[in-house]
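Notes for the one structure printed next.
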Amino acid sequence: EKMNAVKDLFTQKSAQRTIQNNTFGMYKNNNVIVIQMEAMMNFVIGKSINGEEITPHFNKLMKESMYFNNYYQQTGQGRTSDADFISHSSLHALPSGSAFIRYPEHKYDMLPSIMKKHGYSTNAFHAYESSFWNRTIMYNNMSYDHFYSKNDYKNDEPLGWSLGDKSFFKQSLDKMNSLDQPFYSFLITLTSHYPYTMPKDTQQLNVGEFSDNIFGNYLHAIHYVDEALGQFVQQMKAQGIWDNTILVLYGDHDNSIKDKFYYEQFLGKNISDLDMKQIMNQVPLLIHLPDNSQVGEYTDPAGQIDLSPSLLHLLGIPTDSYHMLGNNLFAEHERQVILRSGAVINSKLVYIPSPDGVYENGNCYDLNTRDTTEITNCRVMFDQAALELNISDQVIQYNLISKLDND
Ligand code: GP9
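Sequential numbering from 244 applies to the sequence shown in the UniProt record's numbering.
Right, here's the structure in full:
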């Protein structure tokens, strides 16, 4: 009976995302580069401090890309590894620990493995210890041809935990030059890692009142990463891959700066509990398509779990045989985003659970008024979210995809 519930949910999700509209297969056999950006949050996008844009290169790229401004990080304790897991498996993060560490050898329908079966060379790039977050083992299971880690890079820009993102990007693109096309390249940045302290000569912004505090340091780090991104785009163009590559950028998780005071000061307004919940969980998603098509700001709620099915849609690879729980961002249907905390967001309502987990003790918000509404209004979305989280947990823990494939 439980297995039937699992099968039913996968079937229901697959039916929702299967649509063969004009974007299906539009970028068949194009290269795909996905950059997962450390602690990149959405509230900095388009913002300035003392008259200077914090992310000028991202902002410029937005004008010729799809930008999802209501995109949520869905990570749990596995932080960066969870963002990677969710984005590639289209399953949820675990309620405790990291799937990369706890269940790295279980069966998943992962984006790189699927792309590999469709003729792509698949590579991961991250200039840190290869064993961190158990990546060596997990990436093997994900069918990457190669994982370029710390030892594969020349440390010609020591910064933060390891190599600075500028050099990391440059060296990664140099390596991509010799890859067979089409390729799938997954890059994880690192310089903007907590606690964001960088040498003074790399701090370019005038952060004024935030000078020498953690929030100001965060803005400096993001500004540095943005400049690195600008250089990355220039190099992609110089290497001749800009016109046949889908470029995807997204933030992995929040910046761990939980003091509301900083955000109120930065945004110049009072921040409600609902605002704070959204600020801490919204990360940017940008998809640049080779011919600058589909440009615009996309406001419907979406989350990291939706990334793989959406990219497969653009590449014309059907997902109906895959065990994924995400949506296809190119199919029009009502979506709800489930956070690992149990919070749920749709286009009208947000449910925020209370720490005791009792449904009635949580809050149901109306996004029109941004005020609380009758708690019963969120019941249906909460029940669906609880079911999906539970099924995802069981699939991961009991290796159910392997069982379903053997049936
Ligand atoms: C290290 C990096 C950091 O390899 O991915 O992970 P985090 O501490 O942000 O989860």
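Where is the CB? At the ideal position from N, CA and C, for every residue including glycine.
Integer-rounded CB distance, given that residue j should sit under 8 Å from residue i
| i | j | result |
| --- | --- | --- |
| Pro544 | Tyr315 | 7 Å |
| Leu492 | Met280 | 6 Å |
| Asn377 | Pro347 | 5 Å |
| Met385 | Ser356 | 6 Å |
| Tyr387 | Asn420 | Contact doesn't hold; Cβ gap of about 18 Å is too wide. |
| Asn273 | Pro442 | Incorrect: roughly 38 Å between the Cβ atoms, too far for contact. |
| Phe411 | Thr432 | 7 Å |
| Ser332 | His369 | Between His369 and Ser332 the Cβ distance is about 18 Å, and since that is not below 8 Å, they are no contact. |
| Gly403 | Thr434 | 5 Å |
| Phe267 | His556 | 6 Å |
| Tyr437 | Ala282 | 7 Å |
Reduced DSSP secondary structure (H/G/I, E/B, other) of residue i
| i | result |
| --- | --- |
| Met309 | strand |
| Pro419 | Looking at the sequence itself, residue 419 is Met, so the reference to Pro does not match. Helix. |
| Glu507 | helix |
| Asp609 | strand |
| Phe253 | helix |
| Ile262 | coil |
| Tyr382 | helix |
| Asn589 | coil |
| Asp626 | helix |
| Asn398 | coil |
| Val601 | coil |
| Leu430 | strand |
| Leu406 | strand |
| Thr616 | strand |
| Asn642 | coil |
| Ser392 | coil |
| Ala370 | coil |
| Ser364 | strand |
CA nearest to the CA of residue i, picked from the options
| i | options | result |
| --- | --- | --- |
| Ile489 | Val277, Lys250 and Phe253 | Val277 |
| Arg578 | Met624, Thr615, Ile262 and Pro596 | Met624 |
| Gln263 | Gln320, Asn604, Gly289 and Leu558 | Leu558 |
| Tyr594 | Lys245, Ile618, Glu400 and Ser553 | Ile618 |
| Val526 | Asp516, Leu354 and Leu582 | Leu582 |
| Gly321 | Phe375, Gly294, Ala629 and Phe509 | Phe375 |
| Leu334 | Ser635, Ile484 and Thr298 | Ser635 |
| residue 228 | Arg260, Thr440 and Glu470 | There is no way to answer for residue 228, as the model of the chain reaches only from 244 to 650. |
| Glu540 | Glu307, Tyr427, Gln637 and Ser590 | Glu307 |
| Ser551 | Val538, Ile530, Asn535 and Asp251 | Ile530 |
| Phe458 | Gln547, Ile292 and His331 | Ile292 |
| Val538 | His496, Asp648, Phe573 and Cys607 | Phe573 |
| Glu631 | Ile548, His361 and Gly600 | Ile548 |
| His300 | Leu555, Asn513 and Tyr467 | Tyr467 |
| His389 | Lys359, Lys413, Ile344 and Asp399 | Lys359 |
| Asn487 | Gln255, Tyr270 and Asn265 | Tyr270 |
| Ser590 | Tyr506, Gly340 and Cys621 | Cys621 |
| Ile465 | Asp497, Ala481 and Ile484 | Asp497 |
| Leu472 | Gly319, Gln259, Met305 and Pro596 | Met305 |
| Phe343 | Asn649, Ser645 and Gln640 | Gln640 |
| Ala628 | Ile329, Glu470, Gly585 and Asp516 | Gly585 |
| Ile522 | Glu244, Asp534 and Ser499 | Ser499 |
| Ile560 | Asp325, Val249, Lys245 and Arg260 | Arg260 |
| Leu610 | Leu568, His556 and Ser515 | Ser515 |
| Leu248 | Asn285, Ser645, Gln637 and Asp648 | Per the sequence presented here, residue 248 reads as Ala, with Leu not at that position. With distances taken between Cα atoms, Ala248 lies closest to Gln637. |
| Thr478 | Asp352, Lys409, Asn524 and Thr445 | Note that residue 478 is Gln in the sequence shown here, rather than Thr. Checked all of Asp352, Lys409, Asn524 and Thr445; the closest Cα to Gln478 is Lys409. |
| Lys418 | Thr445, Ser364, Tyr437 and Thr615 | Ser364 |
| Asn449 | Asn513, Gly294 and Met519 | Gly294 |
| Ile588 | Tyr351, Gly546, Asp352 and Gln447 | Gly546 |
| Ser257 | Asn302, Asp444, Asn570 and Asn394 | Asn570 |
| Tyr565 | Arg345, Asp650, Tyr351 and Asn535 | Tyr351 |
| Phe536 | Tyr310, Leu643 and Met246 | Note on identity: in this sequence residue 536 is Ser, with Phe being the wrong assignment. It is Tyr310. |
Proximity test, residue i beta-carbon vs ligand 3 heavy atom, cut-off 7 Å
| i | result |
| --- | --- |
| Glu307 | Ligands displayed in this structure: ligand 1; ligand 3 is not among them. |
Inset, instruction - Scan the segment 526 to 572 and note each continuous beta strand (DSSP E) run of 3 residues or more that stays entirely inside, going in chain order. - result: Qualifying beta strand (DSSP E) stretches, in chain order: 528 to 531 and 539 to 541.
Legend entry - Distance cut 5 Å, beta-carbon to ligand 1 heavy atom: residue list by chain order: The filter returns Arg322, Thr323, Tyr371 and Phe375, in chain order.
Inset, instruction - Run through the segment 444 to 531 for me and flag every whole alpha helix (DSSP H) of 4 or more residues, listed as ranges in chain order. - result: Taking only runs of at least 4 residues, the alpha helix (DSSP H) segments lying wholly in the segment 444 to 531 are 457 to 481, 503 to 510 and 516 to 524.
Inset, instruction - May I have a chain-ordered list of the beta strand (DSSP E) segments no shorter than 3 residues that lie completely inside the segment 266 to 332? - result: Every beta strand (DSSP E) stretch that sits fully inside the segment 266 to 332 and reaches 3 residues is listed by chain position as 274 to 280 and 309 to 311.
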